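If you read the sequence shown in this note's numbering, its first letter stands for residue 0, the second for the next number, and so on.
Shown next, in structure tokens, is the structure this report addresses.
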Amino acid sequence: MRQFILILLIVIVTTTCHGYMNEPYPPFVVTSPKHGQIVKQGDTVKIAWELSPDTKYPLYGYAASRTSRTVAGLLPPDASSTERYIRNIETHLLFTDFEYDWTVDDSIEPGTYQLGIGFYFHQASPVFHVIEKEEER
Numbered sequence: 000m001r002q003f004i005l006i007l008l009i010v011i012v013t014t015t016c017h018g019y020m021n022e023p024y025p026p027f028v029v030t031s032p033k034h035g036q037i038v039k040q041g042d043t044v045k046i047a048w049e050l051s052p053d054t055k056y057p058l059y060g061y062a063a064s065r066t067s068r069t070v071a072g073l074l075p076p077d078a079s080s081t082e083r084y085i086r087n088i089e090t091h092l093l094f095t096d097f098e099y100d101w102t103v104d105d106s107i108e109p110g111t112y113q114l115g116i117g118f119y120f121h122q123a124s125p126v127f128h129v130i131e132k133e134e135e136r
């Protein structure tokens with residue numbers, strides 16, 4: 000009887016862990032910046048994300064479970080979900096706010112990027128472009 004209970008507990012824990020770590024789709028989607036959006040150095044950009052329907056564990060691998068804090072950063076346009084950020088833009092982002100205003104500072108090189116949210120795994124925005132700010136005359 001003890002062996003049966005032990006096996007049953009192992010099966011329950013294994014099934015629960017597998018479900019927790021293996022969502023069938025991304026738990027959230029970065030909706031802004033938009034695909035092809037052009038932002039200038041100095042602009043403030045609204046970064047936004049939303050939960051995918053029926054997501055059970057939106058924070059796992061993306062944000063700290065206790066504080067819901069995570070990281071946002073710039074990625075190359077063809078980045079994988081675990082690729083390191085080229086540059087962090089916010090290291091204490093509150094995941095449950097579902098939006099963040101980012102001011103593109105002058106040190107961001109003009110180029111094509113995705114914006115990622117998450118620290119171990121990340122979800123990325125569509126590709127967008129940073130251009131130099133116009134010189135004032």
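Built from N, CA and C at the ideal position, the CB exists for glycine as well.
In this text the structure is predicted, and so the values were computed from the model without any measurement.
Taking Cβ positions, are residue i and residue j nearer each other than 8 Å?
| i | j | result |
| --- | --- | --- |
| Y84 | L92 | no |
| K132 | E98 | no |
| W48 | T30 | yes |
| S80 | H121 | yes |
| V126 | P76 | yes |
Can you find the residues in the same chain that come closer than 6 Å, C-beta to C-beta, to residue i, ignoring five residues on each side of it along the sequence?
| i | result |
| --- | --- |
| F118 | T69 and V70 |
| H128 | I37 and T111 |
| D42 | V103 |
Kindly list the residues whose CB is nearer than 8 Å to the CB of residue i, restricted to its own chain and excluding five residues on each side of it in sequence; keep chain order.
| i | result |
| --- | --- |
| I130 | I37, V38, K39, Q40 and P109 |
| R86 | G72, L73 and I107 |
Give the straight-line distance between the Cα atoms of residue i and residue j, rounded to the nearest whole angstrom.
| i | j | result |
| --- | --- | --- |
| Y24 | Y59 | 13 Å |
| A95 | W101 | Residue identity differs from the one stated: residue 95 is Thr in this sequence, not Ala. Their Cα atoms are separated by approximately 16 Å. |
| K55 | P26 | 8 Å |
| A62 | I88 | 15 Å |
| T90 | M0 | 50 Å |
| A78 | L50 | 21 Å |
| D105 | E134 | 12 Å |
| Q2 | S64 | 34 Å |
Given that a residue counts as buried once 16 or more other Cβ atoms are within 10 Å of its Cβ, and exposed if not, what is residue i?
| i | result |
| --- | --- |
| A123 | buried |
| G115 | buried |
| P32 | buried |
| P52 | exposed |
| Q113 | buried |
How far does the beta strand (DSSP E) with residue i in it reach, from first residue to last?
| i | result |
| --- | --- |
| G115 | G110 to I116 |
| E89 | R86 to L93 |
| K45 | T43 to L50 |
| S31 | F27 to S31 |
| A71 | R68 to L74 |
| D100 | E98 to T102 |
Output needed for residue i: all residues of its chain with C-beta closer than 7 Å, excluding positions within five of it in sequence on either side, in chain order.
| i | result |
| --- | --- |
| E82 | L74 |
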